[in-house]
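Take a look at the structure below.
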């Protein structure tokens, strides 16, 4: 992606600091969502060119340190990291990086090498034995070293750790092959590694002897686990240090740096020792990326409970950046003078304060850059308000649970916890519930409270019959109203989000949901994402399958499979019907050109295409023998399609359905195969991309939606009608535009958008009282994003969820905790953010909303499409043309923040980013929210100041107006500073 003007200005400034000012530690602190990764990519380009041309380097090495693997996966492509070099959990440990380094060195490598790492995996030595891939690679080298070659069998057992590991030998053989192949290309690899091991064990002969002693044991697996784990941990450190010595980076980029600030403050820990190598070497260039590198604001309450405050974090970061003692001392003096002037707050000293502020600003600008949005007019705050309806179930939930707690002598239940979820005994975490269960057992299993309760536990029998489950929670009811449009427009029947700019007019469930947005929910409690995912998806099924059950008494479906039986899925698209849906017909793709029929009604377009197809079939009948019939079937339709595409006559076409032209017209407009062919212009890629829709339309929740809309007719024909009704070509074209990919990368990204249905296990009344198994609630319409475990499976699942939420397809609701708060993009199809619980710190509010307030977010695209910039006619693909029109009219006098991130205050908005804060009546939420807004409006004035809350109170009591206050804001934006020159 080409940097925008303000990003280019920042990249240029950072490069000049590196090159001209001899300052090698720099902080890029742009506001959330403004594309820090794009700037970092441009910095890499500029600095690497400088090294190549002026320093005659033949290899430029960049280490990209990221807070978690999901963020790394998201940002690798933006940084220019090749797909094969992207991070995988199984190969992310620092102790393994020597293999990656030599593989790159020994191949016909690019001039730039980018190595991604994450502290949670690469730098962590706390796991003792590490992962088996890590130990397998260690074994491959140790069995070649000194006397270890004579005890290979027992050394293998030592590093295997667990005899039950089924894939151990396979993994060892894989790394043996990789090492041997790497050594064949780069003959120094094995010898260099053995030399490094020799040097390491010379300094620690005791460890060498200890390992040999363990390997001489008769049964290595019988040696106490802790003893073996400790030895392996020390081996991991040796190999980590070897990798570290081999890295020798020219540039280190630390993304979302606030998540691992411990790496910049020297500590006597493993990660602290490892970070010394390049983070505390002043000769290594380090670029920190973080919108909140230090806690921008600290409340008095946080200080009172001993949390590290803003001032200390600010000074720690500045001390790291200003590693030169003289520069550091100058900065502290200038900043101290500024703090002194600011604390006096005398209006007659305002000029002196401005001078002092400017000096402090210049001192920071020597190593910090930050650009901020100049307007927040895109945000709608009207839904941050008191909920209009709280029913009896809300109150009863608390009363019944607290009565149980009182009877069991477990104290008061936190009311915020109770307000966060209904059916708490079904969803609450094990620690709290275990206390209740243990006390109930002590009471001789007296479950009368639970037995009579209507609010503590879900009832499996009600779920199984698809009966309505009372929300018993005003927040959940509000979410249902947002996600399902209060039951008025049939949002549960949509399998994708309506296009921001549809190609033609319709009158159906998609047009009735025009402007629909996905919803992102943040909660302080981990149980909430699980609850939202399960109950919201159940409600979507109830509104579809439940409706069908009401229509068909004899064939009523049940939610759960029968005991001892797996829930089976009947695949209704198979063989010829599947092939019809995915068939990329060249004739049909060329017949319908969306821009030629822009804004016409579907009936008009369908009639025109049907006439052309009928004429083509008539022409075909002059050369091919067939007869007409009411229903020709999918197989015969395929044969007809092949002939229409110009393939030779094989004699297989015998029958043409009388409705074939009508169905083919629908296919031309919207079948997955034809739409994909227009995108890829490649038959194989189009068919593969269309194959994703087979799995989509085979899911029970999709078939239920189809059966509600189309009670009769062949399923494959109804699927094609549904795709045409859903403006699928416009949907996919917009999606491709947001992805900004092509070819195989595009195909892979589109495939990742179709995630499988998962389940979340919940306690039900039946399982709690009668010791039955827990029940699994399916999650598809809504999903939870909260799994913080580090494994290939969990990382892949969370990455797939992110990709799906950033697509037009389901899920339509994503519920997460703080794990989704920093660094991840969720903006592509979401402009609604629901704060289930208000964060304690105002900056967390900005971080959360920064997930959806980003480059060309959903709200921006909808506004541009629904205003003059989306008006027909179009002479080219519509989205680049819409953007160019907006740039031409809106950008003059502004940076590229307009129209890509912001729109002018006087823009005729049709959609906005909706801040939804569901507040209970008479709760403390009102006061807390007002305080958050107050702090957000002024906290920038307290940057780098101790006891910020007291300073804010003093500022409020001063007589300064808003214009004066704005002059005190620290301006670190290279674009705006250069514009003022």
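Residue numbers (the working numbering): 1 to 981.
Positions of the beta carbon are idealized from the N, C-alpha and C atoms, including for glycine.
Counting along the chain, where does the beta strand (DSSP E) carrying residue i start and finish?
i           : result
residue 628 : 627-629
residue 699 : Careful: residue 699 lies outside any beta strand (DSSP E) and carries neither H nor E.
residue 914 : 913-919
residue 364 : No beta strand (DSSP E) contains residue 364, which is instead part of the alpha helix (DSSP H) from 350-365.
Would you kindly check if the distance between the Cβ of residue j and the Cβ of residue i is under 8 Å?
i           : j           : result
residue 31  : residue 373 : yes
residue 921 : residue 438 : no
residue 697 : residue 689 : no
residue 25  : residue 323 : yes
residue 534 : residue 760 : yes
residue 662 : residue 630 : no
residue 854 : residue 827 : yes
residue 599 : residue 954 : no
residue 7   : residue 61  : no
residue 730 : residue 499 : yes
residue 936 : residue 877 : no
residue 401 : residue 418 : yes
residue 247 : residue 101 : yes
In whole angstroms, what separates the C-alpha of residue i from that of residue j?
i           : j           : result
residue 270 : residue 225 : Note that residue 270 scores 48 on pLDDT, short of 50, meaning its location in the model is unreliable; the coordinates nonetheless yield the value given after this. If I take the Cα positions, the gap works out to 21 Å.
residue 702 : residue 490 : 13 Å
residue 268 : residue 279 : In this predicted model, residue 268 has a pLDDT of only 49, less than 50, meaning its place in the structure is not dependable enough to derive any value.
residue 96  : residue 134 : 6 Å
residue 556 : residue 700 : 14 Å
residue 924 : residue 474 : 16 Å
residue 870 : residue 808 : 19 Å
residue 724 : residue 587 : 17 Å
residue 427 : residue 229 : 36 Å
residue 76  : residue 116 : 8 Å
residue 677 : residue 604 : 23 Å
residue 984 : residue 670 : Outside the modelled stretch of the chain, which goes from 1 to 981, sits residue 984, for which no answer is possible.
Would DSSP call residue i helix, strand or coil?
i           : result
residue 385 : strand
residue 894 : coil
residue 776 : strand
residue 471 : coil
residue 188 : coil
residue 331 : helix
residue 657 : strand
residue 380 : strand
residue 963 : helix
residue 762 : strand
residue 831 : strand
residue 322 : coil
residue 824 : coil
residue 458 : strand
residue 215 : helix
residue 34  : coil
residue 16  : helix
residue 270 : With a pLDDT of 48 at residue 270, under the threshold of 50, the predicted position of this residue should be treated as unreliable, though the coordinate-derived value follows. Looking at residue 270 - three-state DSSP - the assignment turns out to be helix.
residue 899 : helix
residue 755 : coil
In the DSSP assignment, what are the bridge partners of residue i?
i           : result
residue 116 : 64
residue 815 : 521, 784
residue 254 : 65, 288
residue 601 : 505
residue 809 : 496
residue 620 : In the DSSP output, where bridge partners are listed per residue, residue 620 has none listed.
residue 27  : 288, 368
Just reading off the alpha helix (DSSP H) that residue i is part of, what are its end residues?
i           : result
residue 974 : 974-979
residue 588 : 586-591
residue 860 : 858-866
residue 528 : 527-551
residue 132 : 132-142
residue 836 : Here residue 836 belongs to no alpha helix (DSSP H), and DSSP marks it neither H nor E.
residue 418 : 415-420
residue 579 : 575-582
Tell me whether residue i counts as near the ligand GDP, meaning its Cβ is closer than 7 Å to at least one heavy atom of that ligand.
i           : result
residue 872 : This structure lacks the ligand GDP; in fact it carries no ligand of any kind.
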